[in-house]
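Protein chains in written order, with this note's numbering: chain A, 1 to 319; chain B, 320 to 728. Working notes, beginning with the structure itself.
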Amino acid sequence: MSQWKFTSKEFAQTPEKFLSGHRACAGCGPAIALRLVMKAARGPIIATNSTGCMEVVSTIYPYTAWKIPWIHTAFETAAANAAGIESALKILRKKGRIKDEHVDVVAFAGDGGTFDIGFQGLSGAVERGHDFLYVLYDNEAYMNTGIQRSGGTPHGAWTTTSPAGKVIPGKAEYKKPIADIMVAHHMPYVATASISHWKDMVVKARKGMEVNGPAFMHAFAPCPRGWRSETAKSVEIARLAVETCVFPLWEAEYGEYKLSAPSKVIALKPERKKPVEVYLKTQGRFRHIFKPENRQVLEDIQKEVDRRWKKLLKDCEIA
Amino acid sequence: MAKVEQKIVPLNGDNAVAYAVKQCDVDVVAAYPITPQTIIVEKFSEYVADGEVDTNFVCVESEHSAMTCCITASATGARTFTATASAGLALMHEMLGVASGCRTPVVMSVVNRALSAPINIHCDHSDAMCERDIGWIQQYAENSQEAYDSIIQAFRIAENLDVTLPTMVGLDGFVLSHTLENVSVLPDEAVKNFVGTRQVPMVMNHQGKLVPFKLDPENPLTIGPLDLQDYYFEHKRQQEESMRKALDVIKQVHDEYAEQSGRSYGNGLVEAYRLDDAEIATICMGSTAGTVKTVVDELRENGVKAGLLRMRTFRPLPVEDIVSNLSGKKSVAVMDRACSFGGNGGPMFHEIRHTFYDVPERPKLVNYIYGLGGRDTPPYMIDGIYKELQKIAETGEIEKTVQFIGLRE
């Protein structure tokens, strides 16, 4: 695995590939994730995007925020896009029609494009073993169309299609454990990452590019518009998600789970695990669950977070 | 260029397509099996397993991903091919528009099959007719020989720098796909030379520099961006312009191929059969033309001045050829192997009839919808159509403009 070592200064000086001037909202988590992942590039790289916020904000014709070759085709196609590019690069290189050098392929897709509409294509591409890094930037709803629930939206959250109504207090279902599902593909590399832990994220992105075969990164990326949170607090909120174990950081090589440092600290010192309220309170999308009549929702969220955390510790052979 | 030595190989339509693809030095094939196209995918897999092709074969999990892989592989500079039918083509629908809009010259064979429901695996043209406005060049083969010849030509047409549009070649499910035929095949080297290596057009990047239109780390391009009110329309207009240019390119490629193979199909766009002095005629596409030709021959023996115009190319629509071949005929029947539910006749009838609106010498035009779901189209049925045409020619009266034929009513 990666021997990549760098100082913060060196990292700051690496050339940008996802440039400023794009039209993402203030405090956009996904834009931070994209920039960090692209800065982890080790050489020539081609990127592809599913339809979604990041595609829309970065490429309004005739402008582009991409300093590298980039393609978008449709919503559910990020993985198949990458598969096609990788297949072409391989054969064209073999035939001597392009330069004889490795080119990394990175696919970006949101939670809608990954948990839901794009899942079939993702599963297929991983099963076929294409050599690419798939980055899921998870802002936990269909934000590009205006905050509709996805398979990645957490329990209790308000969205425009899981409204906090008089009878139903937000999304009834729990978040699909997408990264675990990807681990179940027995793929070379799966990692979770958060924009709050940038160094962890870029090292994992580099690893994902370095492995031979498919790699999957689940990047946690708050959306102030959709989460009804303060634009200045996106990184802080992402950090709280890690500290409450709502979004633990780990990686899995060929199915072998390993906790990453920020979550391992909590595993070793359980008193550091913060209650979910401190995270949920930062976001308007959970406001209704703090009403006395919705107390149960809050308790259920904590219970589920604890259950999943316990399972993760078991998977990581801790405790 | 002189005609080249060829060998005769017994091939069904699907195998003829696979054989052509094998010879065309395709870089990436991404495909998913569906009846009656499956033999193409199977045969091509064998070529790959036996090392007979230098192709990256991606056995995808759906037709949607098949088309997607072809699009991005093509955008990376590869020559790409896929094959499908019916539901598979319908599943691709979204991506077909992306292929034409992104100007990726993917070549696809569509083994024409009825659409569900009710589910039916046999031939009609409803699958491809649903895609007539999606920006693909569409050709239809009359027999397996033509399917073979058309696939080879399709790469040259699609990848022509003035065209750069995806191209589909239709062949009738089962009637052609599963029927053995003696097919003359060109030597590998001749096909390789004919198709050449994939070229990509040069385009201006966002810094005003001319770069190859592909995903190339040395000349980065953003392909498939968000394109709004200020530019989308122009891009669509360019697509239409390239479609128009394809008319000449199809003819040129067809003629060049005819020189080498000794086989021609009209002018590449339409094939006129005994039309010159004909008074009555039908128009059809695909394998039905073979049956129609037999009927025309019999009618001619009996002194009936019958003819046929076979549409080999449906998109772009060869308007001039349709008009020049059929103007002045007394009556013409358009045979549609698809139904435009709620429309005024079948999809081809719409096209042909409106083509003649401003033509003073326009024939009387009627429409027959036939053969849905693989319903047999025997010679006597076609003979019946010509009898109707004779009646219309004599009386000048049309009893019924649109009719369904060969079914219980």
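Glycine included, each C-beta is placed from N, C-alpha and C at the ideal position.
Contacts of residue i in chain A (Cβ-Cβ under 8 Å)
i, result
"residue 414(B)", "73, 74, 77"
"residue 381(B)", "120, 121, 124"
"residue 374(B)", "91"
"residue 550(B)", "61, 62"
"residue 525(B)", "62, 63, 64"
Span separating the alpha-carbon of residue i from that of residue j
i, j, result
"residue 44(A)", "residue 126(A)", "22 Å"
"residue 465(B)", "residue 41(A)", "48 Å"
"residue 156(A)", "residue 110(A)", "20 Å"
"residue 655(B)", "residue 433(B)", "13 Å"
"residue 688(B)", "residue 410(B)", "25 Å"
"residue 79(A)", "residue 405(B)", "24 Å"
"residue 353(B)", "residue 214(A)", "27 Å"
"residue 199(A)", "residue 220(A)", "14 Å"
"residue 626(B)", "residue 698(B)", "14 Å"
"residue 206(A)", "residue 394(B)", "25 Å"
"residue 555(B)", "residue 420(B)", "8 Å"
"residue 710(B)", "residue 667(B)", "23 Å"
"residue 371(B)", "residue 121(A)", "29 Å"
"residue 182(A)", "residue 154(A)", "19 Å"
"residue 525(B)", "residue 672(B)", "45 Å"
"residue 459(B)", "residue 596(B)", "26 Å"
"residue 236(A)", "residue 196(A)", "7 Å"
"residue 599(B)", "residue 705(B)", "7 Å"
Environment of residue i [buried if 16+ CB atoms lie within 10 Å]
i, result
"residue 637(B)", "buried"
"residue 193(A)", "buried"
"residue 145(A)", "exposed"
"residue 8(A)", "exposed"
"residue 321(A)", "What is shown of chain A runs 1 to 319, which leaves residue 321(A) out entirely."
"residue 150(A)", "buried"
"residue 279(A)", "buried"
"residue 295(A)", "exposed"
"residue 573(B)", "buried"
"residue 621(B)", "exposed"
"residue 727(B)", "exposed"
"residue 254(A)", "exposed"
"residue 191(A)", "buried"
"residue 3(A)", "exposed"
"residue 468(B)", "buried"
"residue 222(A)", "buried"
"residue 39(A)", "buried"
"residue 430(B)", "buried"
"residue 238(A)", "buried"
Cross-chain neighbours of residue i in chain B, by beta carbon under 9 Å
i, result
"residue 55(A)", "543, 544, 545"
"residue 84(A)", "347, 349, 377, 384, 387, 388, 389, 390, 391, 392, 393, 394, 395, 397, 399"
"residue 30(A)", "Near residue 30(A) there are no residues of chain B at all, since even the closest Cβ is about 16 Å away, more than 9 Å."
"residue 128(A)", "377, 378, 379, 380"
Beta-bridge pairing of residue i - partner residues as DSSP gives them
i, result
"residue 54(A)", "Answer by DSSP bridge pairing: none, since residue 54(A) is not bridged."
"residue 329(B)", "501(B)"
"residue 631(B)", "None, per the DSSP bridge assignment."
"residue 104(A)", "45(A)"
"residue 686(B)", "653(B), 721(B)"
"residue 138(A)", "220(A)"
"residue 486(B)", "426(B), 456(B)"
"residue 162(A)", "159(A)"
"residue 435(B)", "None; residue 435(B) has no bridge partner."
"residue 735(B)", "The structure shown does not extend to residue 735(B), since chain B is modelled only from 320 to 728, so the question has no answer here."
"residue 603(B)", "629(B)"
"residue 148(A)", "142(A)"
"residue 194(A)", "220(A)"
"residue 250(A)", "259(A)"
"residue 189(A)", "215(A), 253(A)"
"residue 615(B)", "For residue 615(B), which the question treats as bridged, DSSP gives no partner whatsoever."
Chain-ordered chain B contacts of residue i [CB-CB under 7 Å]
i, result
"residue 67(A)", "539"
"residue 103(A)", "536"
"residue 44(A)", "536"
Contacts of residue i in chain B (Cβ-Cβ under 8 Å)
i, result
"residue 95(A)", "346, 373"
"residue 48(A)", "391"
Contacts that residue i makes with chain A (C-beta to C-beta distance below 7 Å)
i, result
"residue 535(B)", "69"
Per-residue contacts from residue i into chain A (C-beta, under 9 Å)
i, result
"residue 442(B)", "In chain order: nothing, as chain A lies at least about 29 Å away."
Runs of beta strand (DSSP E) lying entirely within the stretch 516-571 of chain B, each at least 3 residues, in chain order: Runs found: 521-523, 529-531.
Of all the alpha helix (DSSP H) runs that stay within the bounds of the stretch 331-359 of chain B, which reach a length of 4 or more residues? Qualifying alpha helix (DSSP H) stretches, in chain order: 332-342.
Unbroken alpha helix (DSSP H) runs of length 4 or more, entirely within the stretch 659-718 of chain B: which are they? Counting only unbroken stretches of 4 or more residues, the alpha helix (DSSP H) elements lying wholly within the stretch 659-718 of chain B are 666-674, 698-714, in sequence order.
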